[in-house]
Amino acid sequence: MFLESIEAEGFKSYGAHTVISPIDKSFTAITGLNGTGKSNILDAICFVLGVDTPRLLRSASIKDLIFKQAKRTSGSAKVSLIFNNKEKEKGPMGYAEIDIIKLTRIITEDGKTKYLLNDHNVSTKTVTRLLQCVGLSSSKAGYNPNGVRVEKQAPYFIVMQGRVSRILSMKSAQFLTLLEECAGTSVYRTEKYKASSTLEKKEKKLLETKETLSKTIFPFLERLRRERDEYYAHKEATEKRQILQDTLVRCKEAIQYKEAESAIEERERIIVRLSEIEREIEEKTKEIVDVDVVDVDIASIQERIDNRKREITRMMIDQQEEERHAAHRIIERKEKEIQQILKGCEDTIKNLNIERMVSTEETENSEKTEEPEKEGKSAQTKIETLLARLEDKERAFLQADRQKDSLEKERKREMLSTEVEKIQRNLEIAQEGIEIAQKKGLTEELSAHRISLHKKCPVRPLDVIRREIERIKRELGYPIRDGVYGKVKELLEVVDPAYEISVGVVIGGRKEYLVVENEEIGRKVIDELSREGRRIDVIPLNKIITRRIEPKKEDRARAYGSIPLIEAITYPQEIKKAMEYLLGGYILAKNRKTAVDLRDKESISSVTLEGELFDRRGTITGGSLDTSKYKFEKTKRKEELLLLEKEEEQVRKTLKECTLQELNESTEFLKLTSLKKTLSDRISQVKAEIEVLGRECVRKDEIKSISESIQILTEVKNKIDLRYTERDRTSEKLKEIEEALKVSKEKEAKLQEEIKRDESDKLNGIKNNEVNRARRSIQIKERKRIEMDVDLIKKEKIKHEMRYKKIEHVTPMNRKNKSKKTKEELELEYAQAEEELNFIKSIP
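Add 112 to the 1-based position in the sequence shown for the numbering used here, that's all there is to it.
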């Protein structure tokens, strides 16, 4: 690369644009007369090549380089050097594709410098790097080979006038520096020293930074690391806490749901109970209203009850009379049987007396009959003992039955008496309550009127209705007043479920907008909700501008088989403007192709059944949809709220006329009145039962006395039968004794014959002793048995006498208990008793 030309304008003596060219590749010196501008050309070259020192440019300041003449100045100095760069291998790196390199420097009067490279602004550093690559360093402040910094010197590539001898007198170090400058290696040394200096600074800075890091940053980072770990732990704990809170909320919601279900069930039960209470109140009211009729009917009803009771009593008496007659018939039959038995007993006893007299004579005449008499006595004693025990058992059994019956009757009577006392106390309490209520001015008519008034009133309490109203208001999200029509989603209804997605896509989030009559009402609604911390969007019907497709375009759209979207819904006519505002500018297309045709050919916005929106301006909206967001469920919350408010007003009026306390007092008064009637009826019924029970006790005593007489007669018969059996056994025993006596006599005769035949006296003596002992033992046994039989017969006679006395005692009692018997029956019983007494006395 070599200098090819120089252009100067406004630089020192070159005021006008001056071009010095061509310059030969071998050009090395400028010669000429003094004052011709040789030095100015060299100054211009040094100026472009980056020399900034005014001394080296032969001026007092950098501003003196600008051309000045008389009172005029050019305002700036501009010098350009044009280099030939066709020798690429010797050219600067990075500029191999440029054949001509034009380097320009401009300086202004305010001292600002600007470089241009091929007429493009570049930085000073870029120009310096370019010149250093071709060995044209401006020799600014640098470093010598020893690394010592030197001040700026004149450029080595320009030898000014009078400077040749100075170059020739250079020392070796200076000459080496000159050679390095010419060879272009000095720039690397400079860069090296600069890099070393920078490296030292960086190392020092690095040490400072390390120290700062170790003292400040690292502890800070460690603290940050701990804080980060704590933050992550806190974040994890927060997430867990949030999860637990969500779980807790869900559990609470589940519990609330369960409680709500149980509350609903309880509410239903309460409603059912209230319905029952209402029915009871209605019935009581009817009873109270018909109380006069009831009072009139009470006498006839009571008369019928008394007649019925008398009829029942008469029937019971008739039945008991029949039972008594049957018992008398049984007694008569038993008495006849006893008479027959007694006759038989009399004959038997006479026979026994004859036999006993015969046996007694035999016992007096012979010692052999002593033992049979003793055995008879012992048998008679045993028989009497067994009969006595049997009588005791029978008497105990009869006594237990009588005690059981009497205890049961007494217990029943005590229970009825206790019930009467209890009913009497309750009746007194009810009467006291009625008197207190009457002192307050309560009557049955007034109580019935209050109850009927509350019956017409809603069942639910006032606080429940208020809570229900507040809940519905919160769910609605806006106040109910005149001029507020409701939210869009509540006002419209889709004609066909297939159109829901299309209508929902067009309306979007505006379905939550509130439709109001005018702007003033909308402002009041917003102010009211803002006080509650809520927001809402309103559509004032007097301010909105409706959008509707032109009739011609609408007809053309119908030709495609489409309909206006507003025809896919129904709505109240008073909000027609709001519906036209929301849906009036859209057509419902049956498919995508139709929608595209309507947009491109007719310039109409349309929406498909799938929810794809084709705007007439070119935009398309579509994709996956959450169909649940586009459902329009028309609720009846507003109607429910109005009904509840009416119900609340009705409850207020009712409570104003009759409070709950007055209602409770009236209800309690009617209950006490009804309770009083019920208790009075119950007392009458219990008293009647006690009376009937007393009559039954009297009849049962009579029946018992008859039964006892029958039982006594049965016992007498049984004992007579037993005596017959004992007589038979005694006869058999007598026969056995006689047979035993015959046998013993035969044995005695045989023994006597044997004694006579025995020749031995001793043997005879022994045999006689044995025979005597055997005879005496037999005689003793027979005598004892006979004595026992005689004793038994005597004891039997005594018992018959005692029984006769009992019969004499029972007969008067039976006469008293059987006071209703006829005279003939009493005479017959007396005759039978006389016969029994005579029979018993006839027994020896």
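Every residue gets a Cβ at the ideal spot worked out from N, C-alpha and C, and that includes glycine.
Counted as a single uninterrupted DSSP element, the beta strand (DSSP E) harbouring F195 occupies residues 188 to 196. Assigned with DSSP and collapsed to three states, I376 falls in helix.
As for any beta strand (DSSP E) of minimum length 3 sitting wholly inside the region 687 to 716, the runs are 699 to 701, ordered along the chain.
Residue environment: V163 is assigned as buried (16 or more neighbouring CB atoms within 10 Å of its CB, all protein chains considered). Around the beta carbon of Q244, a 10 Å sphere encloses 16 or more other beta carbons of the protein chains shown; the residue is thus reported as buried.
Within the same chain, and ignoring the five residues on either side of V607 in sequence, the residues whose Cβ sits closer than 7 Å to its Cβ are A680, I681, T682. V600 sits in a helix when the DSSP states are folded into three classes. Residue state for I212 is assigned as strand, using DSSP reduced to three classes.
Between L325 and R301, the alpha-carbon positions lie close to 34 Å from each other. For H232, the secondary structure class from DSSP, reduced to helix, strand or coil, is strand. Per DSSP, V384 has no beta bridge partner at all. Secondary structure in the region 116 to 192: the alpha helix (DSSP H) runs of 4 residues or longer, each lying completely within the stretch, are 150 to 160 in chain order. For L725, DSSP records a beta bridge to V719, T733. For L626, the beta-bridge partners assigned by DSSP are K599, V650. In this structure, N197 places its C-beta atom within 9 Å of the C-beta atom of I213.
With a cutoff of 9 Å on beta-carbon distance, S188 and I153 are scored as not near each other.
Between V191 and A156 a beta carbon distance of about 5 Å is seen, short of the 8 Å cut, so the two are scored as contacting.
In terms of Cβ geometry, Y625 and D649 form a close pair [threshold 9 Å]. For A208, same chain residues with a beta-carbon under 7 Å away, outside a window of 5 residues either side, are K200 in chain order. Between I699 and S718, the gap from beta carbon to beta carbon is short of 9 Å. I619 is positioned such that its CB atom lies closer than 9 Å to that of V600.
Exclusion of the five residues before and after L115 leaves I135, L193, F195 as the residues of its chain whose Cβ lies within less than 7 Å of its Cβ. Sequence-distant partners of V239 (beyond 5 residues in either direction) whose C-beta falls short of 6 Å from its own C-beta, in its chain, are Y227.
By the Cβ rule, the region 644 to 659 counts as touching the region 627 to 635, because three or more pairs are nearer than 8 Å. Contact between the region 707 to 714 and the region 655 to 669 is present: 3 or more CB-CB pairs across the two stretches fall below 8 Å. Counting of Cβ neighbours within 10 angstroms places V596 among the buried residues, the total reaching 16 or more.
Taking C-alpha positions only, L333 is separated from V234 by approximately 44 Å. For the options F159, A285, S151, S387, the alpha carbon positioned closest to that of R275 is the one of S151. Put simply, the backbone Cα of R660 is about 10 Å away from that of L694. CA-CA distance, G645 to D727, rounds to 37 Å.
The criterion of a C-beta distance shorter than 9 Å is not satisfied by L161 and L229. With a threshold of 16 other beta carbon atoms within 10 Å, G122 meets it and is buried. Separation of L177 and C294 (C-alpha to C-alpha, rounded to the nearest whole angstrom) is 28 Å.
In this structure, DSSP gives R217 an extended state, which the three-state scheme calls strand. I367 and L386 have their C-alpha atoms roughly 27 Å apart.
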